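Shown next, in structure tokens, is the structure this report addresses.
Numbering (UniProt numbering), first residue to last: 1 to 611.
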């Protein structure tokens with residue numbers, strides 16, 4: 001450092017010449033003259049060795065300035081000197097030995113913490129620490145790091161430890177500062193003892209993924225392979241069992257005591273569960289501990305293909321022209337793998353041989369060319385083909401061939417050749433619509449005429465009265481039973497039961513809505529059907545059924561009984577012409593009482609027309 005004093009006197013004279021000197025030093029250790037000052041420039045420098053920040057971090061110097069070259073007037077000032085730190089102290093472990101425990105198979109688990117001290121200035125690189133394992137970590141099982149306080153070391157597991165392999169580990173750890181030492185210093189070391197705690201470990205499959213190659217035609221119940229696992233806890237003497245964890249197609253079975261894999265159901269290489277010819281299953285192994293530990297292994301079955309699928313035609317429908325046709329191409333599909341598919345062969349079956357030819361395409365062995373032998377009428381034809389694979393397995397396939405009226409390649413299929421008398425497809429459809437409407441109108445007229453035509457009763461065949469008239473002895477005297485209660489036969493109009501009359505239109509029933517005649521003839525059918533349904537459900541439509549209620553007329557009847565009624569044989573002079581007006585139900589009665597000139601054939605019931 002440098003001190004400066006100012007004198008206002010003329011600097012060219014002795015009155016302005018200033019000189020400096022150190023009057024006192026505090027503390028005066030390790031030497032009373034640790035610093036010196038240049039008398040002319042005022043620069044303060046270290047004079048003696050032995051500055052130690054950790055012992056005397058600060059010095060106070062009293063400096064005097066005097067003019068007249070140090071012999072005149074004087075003044076003093078205090079200079080404070082702070083000793084800066086250097087990394088001249090090595091960190092030290094608090095203890096020489098540390099110990100801790102950790103469970104086996106635990107990765108990243110904290111084993112213990114190691115405390116250290118450093119006399120250098122806190123929170124500087126010369127004070128913060130770092131730790132290194134210099135011995136006992138040949139397998140890289142442990143790691144050493146600095147804690148958040150910068151003055152503690154953390155020992156953790158870098159890998160899972162194996163109790164059965166080694167139950168105790170001894171490590172030698174050293175500590176240093178982040179900043180390098182200012183001079184060569186001895187480093188502090190500590191011994192770390194790590195004890196491994198035993199845990200129930202899962203059985204381990206070896207290999208973890210096993211690949212076997214078998215035929216997809218393996219017999220059900222046959223052995224495939226033995227896939228076993230070993231229990232790492234050899235000291236526990238545990239028993240390992242096996243089971244199927246994942247078997248998507250349910251093809252496998254395992255003997256739980258031995259791990260022997262057997263075929264449970266037929267395997268199929270063409271199954272959706274097989275990817276690239278390989279089937280994957282997961283096998284589980286577990287021990288008999290109170291809390292069983294489980295391990296898994298993967299079994300990959302590489303299935304050899306068997307020719308168990310017959311070739312098929314991919315298309316079920318094709319179109320072909322009937323004049324100089326371009327062959328229709330049919331793709332052949334075979335689910336088997338290479339070696340069990342093509343080359344294919346084809347033949348036509350039944351009537352298909354007459355009109356069709358089929359052969360394997362010379363360029364692509366999986367395509368069948370189908371064409372006509374001769375011209376056929378447009379329409380649909382069923383063509384039966386038999387396709388053979390390389391192993392002579394075959395499958396019959398039926399193709400619906402649509403023969404079109406065209407030449408070469410089918411662009412737009414026409415099923416029937418155009419007629420010179422027609423104006424095209426549109427005219428034919430319009431003509432068909434008109435004919436349909438005319439037929440519908442004709443049927444409607446016939447229906448209405450039949451409905452409005454009066455129904456005539458068929459005349460009854462004349463009967464011989466003598467064949468139907470029987471004479472009985474007249475008992476006379478009237479009816480024997482005169483003690484009946486007429487009040488039970490009739491209760492009067494006021495006491496009639498609550499029966500609604502149907503001979504008049506009900507006032508509380510909504511009248512059905514009848515549709516008006518449509519303007520378009522196409523709707524005439526719906527018009528008839530809707531109005532017919534409305535008429536069937538219309539309560540106001542005639543004729544009406546009615547309940548006729550009669551009052552008791554009294555006992556003044558001239559005829560005491562039916563036996564007193566006269567007949568045509570009684571000789572009475574009566575007019576029975578009215579019987580002819582009573583309708584067909586009274587024809588027999590009219591025949592009985594009508595005789596001679598009284599029987600006018602025009603008034604007989606059989607001649608009466610009821611509408």
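A virtual CB, placed ideally from N, CA and C, is assigned to each residue, including glycine. No experiment lies behind these values; they were computed from the predicted model shown.
query = Would you say residue 174 and residue 188 are within 9 angstroms of each other, going by their C-beta atoms?
reply = The answer is yes: Cβ separation under 9 angstroms.
key: Residues near residue 117 by beta carbon distance below 6 angstroms, same chain, minus five either side   = So the qualifying residues of the chain are 92.
task = Would you mind stating whether residue 249 and residue 319 have Cβ atoms separated by less than 9 angstroms?
result = The criterion of a C-beta distance shorter than 9 angstroms is not satisfied by residue 249 and residue 319.
Extent of the continuous beta strand (DSSP E) to which residue 352 belongs = Counting along the chain, residue 352 sits inside no beta strand (DSSP E); it lies in the alpha helix (DSSP H) bounded by residues 352-355.
key: Cβ shell of residue 293 (< 8 angstroms), same chain only, five flanking positions each side left out   = Excluding sequence positions up to five before and after residue 293, its CB lies within less than 8 angstroms of the CB of 200, 201, 202, 203, 286, 287, all in the same chain and listed in chain order.
ask   = Relative to the C-alpha of residue 524, which residue among 534, 442, 538 is closest?
value = Of 534, 442, 538, the smallest CA-CA separation from residue 524 is found for 442.
message = Please return the same chain residues whose Cβ sits closer than 6 angstroms to the Cβ of residue 230, not counting the five positions on each side in sequence.
response = Sequence-distant partners of residue 230 (beyond 5 residues in either direction) whose C-beta falls short of 6 angstroms from its own C-beta, in its chain, are 204.
ask   = What three-state label does DSSP hand residue 68 in the structure shown?
value = Helix.
key: DSSP three-state assignment for residue 297, whether helix, strand or coil   = The three-state reading of DSSP puts residue 297 in strand, counting E and B together.
Residue span of the alpha helix (DSSP H) that contains residue 531, given as start and end = Residues 524-536.
key: Member of 86, 196, 50, 51 whose CA lies at the smallest distance from the CA of residue 107   = The option with the nearest alpha carbon to residue 107 is 196.
ask   = Between the C-alpha atoms of residue 462 and residue 450, what's the straight-line distance to the nearest angstrom?
value = Only weak support is given to the placement of residue 462: the predicted model assigns it a pLDDT of 49, under 50, and the question is left unresolved by the model.
key: 8 angstroms Cβ shell around residue 185 - same chain, five flanking residues per side excluded   = Here the set comprises 88, 89, 90.
key: Distance between residue 134 and residue 172 (C-alpha atoms, nearest Å)   = The C-alpha of residue 172 lies about 6 angstroms from the C-alpha of residue 134.
task = Kindly list the residues whose CB is nearer than 6 angstroms to the CB of residue 74, restricted to its own chain and excluding five residues on each side of it in sequence; keep chain order.
result = Here the set comprises 64, 66.
ask   = Going by Cα to Cα distance, which pick from 207, 14, 316 is closest to residue 385?
value = Per the C-alpha coordinates, the member of 207, 14, 316 positioned closest to residue 385 is 316.
task = Flag this pair as touching only if the region 48-62 and the region 23-35 have three or more C-beta atom pairs under 8 angstroms; answer yes or no.
result = Per the Cβ contact rule, the region 48-62 is in contact with the region 23-35 (3 or more Cβ pairs under 8 angstroms).
For residue 412, three-class secondary structure by DSSP = Under the three-state reduction of DSSP, residue 412 is assigned to coil, being neither helix nor strand.
ask   = Between residue 419 and the rest of its own chain, which residues show a CB-CB distance below 7 angstroms, the 5 nearest in sequence each way excluded?
value = Legend: pLDDT at residue 419 = 48, less than 50; position of this residue unreliable, value from coordinates given subsequently. Closer than 7 angstroms at the Cβ level, and outside the excluded window around residue 419, lies no residue.
task = Quick one: residues in its chain with C-beta nearer than 6 angstroms to the C-beta of residue 77, no 5 flanking neighbours on either side, listed in chain order?
result = If we look at residue 77 and ignore the five residues flanking it on each side, its Cβ neighbours are 63.
task = Examine the Cβ distances between the region 176-183 and the region 263-272 and report whether three or more of them are shorter than 8 angstroms.
result = Flag = no, the region 176-183 and the region 263-272 do not touch.
key: Where the beta strand (DSSP E) containing residue 114 begins and where it ends   = Counting along the chain, the beta strand (DSSP E) containing residue 114 begins and ends at 110-117.
Per-residue DSSP class, three states only, for residue 189 = Residue state for residue 189 is assigned as strand, using DSSP reduced to three classes.
query = According to the neighbour-count rule (16 or more other Cβ atoms, all chains shown, within 10 Å of its Cβ), is residue 587 buried or exposed?
reply = Counting the other CB atoms within 10 Å of its CB gives residue 587 a total of 16 or more, which places it among the buried residues.
query = Below 9 angstroms between beta carbons: does that hold for residue 54 and residue 120?
reply = Result yes, Cβ atoms of residue 54 and residue 120 sit closer than 9 angstroms.
key: Closest residue to residue 161 among 153, 362, 143 (Cα-Cα distance)   = Comparing Cα-Cα distances from residue 161 to each of 153, 362, 143, the minimum goes to 143.
query = So residue 98 is in the beta strand (DSSP E); what residue range does that whole segment cover?
reply = Judged by DSSP secondary structure, residue 98 falls within the beta strand (DSSP E) whose first and last residues are 97-103.
query = Name the DSSP bridge partner or partners of residue 253?
reply = Under DSSP, residue 253 forms a beta bridge with 262.
task = Quick one: grab the DSSP three-state call for residue 302.
result = Three-state result, residue 302: strand.
ask   = Straight-line CA distance for residue 296 to residue 282?
value = Computed Cα separation, rounded: 7 angstroms.
query = Are there 16 or more other CB atoms within 10 angstroms of the CB of residue 276, so buried, or fewer, so exposed?
reply = Flag for residue 276 reads exposed.
task = Spell out the partners DSSP gives residue 403 in its beta bridges.
result = Bridge partners of residue 403: 320, 379.
request  = Could you name the residues that DSSP lists as bridge partners for residue 75?
outcome  = Beta-bridge pairing links residue 75 to 65.
request  = For residue 209, collect the residues of the same chain with a Cβ closer than 6 angstroms to its Cβ; drop the 5 residues on either side in sequence, then sort them by chain order.
outcome  = Exclusion of the five residues before and after residue 209 leaves 298 as the residues of its chain whose Cβ lies within less than 6 angstroms of its Cβ.
query = What is the DSSP secondary structure of residue 587, counted as helix, strand or coil?
reply = Note: residue 587 maps to helix in three-state DSSP.
query = Hey, residue 221 and residue 262 are a contact pair by Cβ (cut 8 angstroms); roughly how many whole angstroms apart?
reply = Right, their Cβ atoms sit about 6 angstroms apart.
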